[in-house]
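See structure below.
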Amino acid sequence: MRVIVFGATGKTGGHVLRSALDSGHEVTAFGRSAARLDPEPGLSLFSGDVFDSAAVTDAVAGHDAVIVCLGSTGLRDKTTLAAGTTTIVAAAASHEVGRLIVVSAAGVGDSWSQIPWSSKLLFKTMLRNLFADHRAQEAIVEQSPTNWTIVRSAVLTNGPATGAVNATATGATKRISRADLAGFLVDQLSDDSHSRQAVSVTS
């Protein structure tokens, strides 16, 4: 499968690239600093800005699936996730891409009851802009004609992959390694169990 990863130069995106390549997919890494990545078989690099609709549309052409791992630029950032995802969703629809997988955060939408009190406190204070941006991002994805899945991540760690991922719409979430999250995202390329659904993932 030909897969393009947005946010590919970020911490989670890097794990997604590795997991997708190891699974035998042809992968395109999209990002402003994509050219800095080391070339390897199966990996294509596309340098561009996610807010540039022409660049995103050109990059998405010919791909079977899109994985979105966009990150916020800081605590004051209110729009990067929603604005970038808007551009990506439009490009995926215009090229009739078969699969769209988007990383969000556990706690967003109807998953508020799944997160611990410490996360709720952060989302109401320091991370309130990020939380609002994820809400807006999810609303955009839900309007997409593409076969989408929103993956709401528990608190991320830099630990190794364990292969033990619990996908749940009701259970409590705690932590998950970026490596395990990446593996789950790549698994969704060929798994429609959560088609047009938002699901939380935790270790």
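Residue numbers for the sequence shown follow the working numbering, so the first one is 282 and each next one is one higher.
C-beta atoms are modelled at their ideal positions from N, C-alpha and C, and glycine is treated no differently.
Checklist entry - Which residues in the same chain as Lys359 place their Cβ atom closer than 8 Å to its Cβ, once the five residues preceding and following it in sequence are excluded? => result Asn410, Ala413, Asp414
Next on the checklist: Rounded to the nearest angstrom, what separates Ile431 and Leu318 at their Cα positions?
Outcome noted: 27 Å
Checklist entry - What three-state label does DSSP hand Phe332 in the structure shown? => result coil
Next on the checklist: Suppose the cutoff is 6 Å on Cβ atoms and the five residues either side in sequence are ignored; what does the same chain contact list for Gly294 look like?
Outcome noted: Val286, Gly288, Cys350
Item to check | Distance between Ser328 and Thr454 (C-alpha atoms, nearest Å) | outcome: 35 Å
Item to check | Residue environment, Phe404, which counts as buried when at least 16 other CB atoms sit within 10 Å | outcome: buried
Checklist entry - Who are the Cβ neighbours of Ala417 in its own chain at under 6 Å, not counting the five residues just before and after it? => result Ala363
Next on the checklist: Helix, strand or coil, according to DSSP, for Glu419 in the structure here?
Outcome noted: helix
Checklist entry - How big is the Cα-Cα spacing for Leu428 and Pro322? => result A small correction: the amino acid at residue 428 is Asn; Leu does not occupy that position in the sequence shown. Roughly 28 Å between the two C-alpha positions.
Item to check | Completely contained alpha helix (DSSP H) runs for the stretch 289-340, where each covers 4 or more residues | outcome: 292-303
Next on the checklist: Going by C-alpha to C-alpha distance, which of Phe465, Thr483, Ile369 sits closest to Arg456?
Outcome noted: Thr483
Checklist entry - Thinking just about the alpha-carbon of each residue, which of Phe465, Val480, Arg477 is nearest to the one in Arg299? => result Phe465
Item to check | Of the residues Ser325, Ser304, Leu326, Ser394, the one placed nearest Thr449, counting alpha carbons only | outcome: Ser394
Next on the checklist: For a test of the three-state rule: what should DSSP assign to Leu437, helix, strand or coil?
Outcome noted: strand
Checklist entry - Under the DSSP definition of a beta bridge, which residues are partnered with Asn447? => result Thr483
Item to check | Between the CA atoms of Gly390 and Lys401 - distance to the nearest angstrom | outcome: 12 Å
Item to check | Reference Ala420; option with closest CA among Phe311, Asp461, Leu470, Arg477 | outcome: Arg477
Checklist entry - Got a sec? Which residues, its chain only, sit under 6 Å from Gly312 by beta carbon, not counting five neighbours each side? => result Ala289, Thr290
Item to check | Sequence-distant residues of the same chain with beta carbon closer than 8 Å to Ser366, five excluded per side | outcome: First, the amino acid is wrong: residue 366 is Thr here, not Ser. Correct list, in chain order: Val349, Leu351, Val383, Gln418, Ile421, Val422.
Checklist entry - Along the chain, which unbroken stretches of the beta strand (DSSP E) at least 3 residues long are found entirely within the stretch 344-396? => result 346-349, 380-386
Item to check | Rounded C-alpha distance that separates Ser304 from Leu408 | outcome: 34 Å
Checklist entry - Hey, how far is the Cα of Asp333 from the Cα of Asp339? => result 10 Å
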